[in-house]
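All remarks here apply to the structure that follows.
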Amino acid sequence: MSLYAKPGVETACLTLQDEAGLDVCEVLFHCWLYSSGLEAIPAALAREREQRRLWQCNVTAVLRGLRRDLKAMAATSESVKALRSTIKQAELMAERENLQRWQMWALEAPSNEERVVNVAEKTSDASKWLRKQLLINPYDGFSEDCLKQPPTWLKSLQTLTCQLDPHQGAR
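Residues 4 to 174 in the working numbering are what the sequence shown lists, from first letter to last.
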């Protein structure tokens, strides 16, 4: 996704992953939906979110853990450095696969199952929309109340939304 290459987006995504416990692939998925004028239906999203969470836990996180565990040894061993590089590529491939699965889920729904809906008009506050998609739903522990004292990672959401809609800062 070209969004990830835009200034500040990678750092924002990693902050949301590390500080808010969000899945970067799901964050990017919702950004793609927003850009496409779509929104996931919450009940359908909850079912797929569990499938994607399992992929992240059983595949991506395992690879990430291996890569991080080898960091110190890679500083003194060329062979471990090469192994770590290979694991990093596998981790990126696992994330790419997860992103593709999110996209296929949205685009290839059976005719009797609605997963996403067209949004008639994009909200004037993309940050609030994205926050709602990722954090405020009956399936997680976040609520509007917890956002009255906003955590520092909300700035990362703002960075993302400014890249999604460059006019956000001017409104």
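Here a beta-carbon is modelled for each residue, glycine too, at the ideal position from N, C-alpha and C.
Computed from a predicted model, the values in this text were never measured in an experiment.
### Query
Of the residues Ser130, Lys91, Val122 and Glu116, which one's Cα is nearest the Cα of Leu48?
As a first step, residue 48 is located in the sequence shown; it is residue number 45 there, counting from the start. The residue with the shortest Cα to Cα distance from Leu48 is Glu116.
### Separation of Thr89 from Thr155, as counted between CA atoms
Walking along the sequence shown from the start, residue 155 turns up at place 152. Walking along the sequence shown from the start, residue 89 turns up at place 86. When only Cα atoms are considered, Thr155 and Thr89 end up about 33 Å apart.
### Query
Cβ atoms of Leu6 and Val12: under 8 Å apart, would you say?
Position 9 of the sequence shown, counted from the start, is the residue given in the question as residue 12. Position 3 of the sequence shown, counted from the start, is the residue given in the question as residue 6. It is a contact, given that the beta carbons lie within the stated cut-off.
### Task
Could you tell me which residues DSSP pairs with Leu57 in its beta bridges?
Numbered from its first residue, the sequence shown carries residue 57 at position 54. Answer is none; Leu57 lacks a bridge partner.
### Task
Have a look at Cys28 and Leu163 and give me their C-alpha separation to the nearest angstrom.
Sequence index remark: in the sequence shown, residue 28 carries index 25 (1-based). Sequence index remark: in the sequence shown, residue 163 carries index 160 (1-based). Near 13 Å, if we compare the C-alpha coordinates of Leu163 and Cys28.
### Task
Would you mind stating whether Trp58 and Asn101 have Cβ atoms separated by less than 8 Å?
By 1-based counting over the sequence shown, the position of residue 58 is 55. By 1-based counting over the sequence shown, the position of residue 101 is 98. For the pair Trp58 and Asn101, the CB atoms are nearer than the 8 Å cut-off.
### Task
State the beta-bridge partners of Glu177 as determined by DSSP.
Absent from the model: residue 177. The displayed extent of the chain is 4 to 174, so no value can be given.
### Unbroken alpha helix (DSSP H) run spanning Asn101, endpoints
Residue numbering aside, residue 101 sits at position 98 when the sequence shown is read from its first letter. Taken as a continuous stretch (DSSP letters only), the alpha helix (DSSP H) holding Asn101 covers Glu81 to Leu110.
### Query
By the 10 Å Cβ neighbour count, where 16 or more other Cβ atoms means buried, how is Gln54 classified, buried or exposed?
Numbered from 1 along the sequence shown, position 51 holds the residue referred to as residue 54. Looking at its Cβ environment, which holds fewer than 16 other Cβ atoms inside 10 Å, Gln54 is exposed.
### Query
From this set, Glu98, Arg52 and Tyr37, which residue's C-alpha is nearest Val62's C-alpha?
Against the sequence shown, residue 62 aligns to sequence position 59. Ranked by Cα distance from Val62, the options Glu98, Arg52 and Tyr37 are led by Glu98.
### Query
Cα separation between Leu41 and Val122?
As a first step, residue 41 is located in the sequence shown; it is residue number 38 there, counting from the start. As a first step, residue 122 is located in the sequence shown; it is residue number 119 there, counting from the start. Cα to Cα, Leu41 sits roughly 5 Å from Val122.
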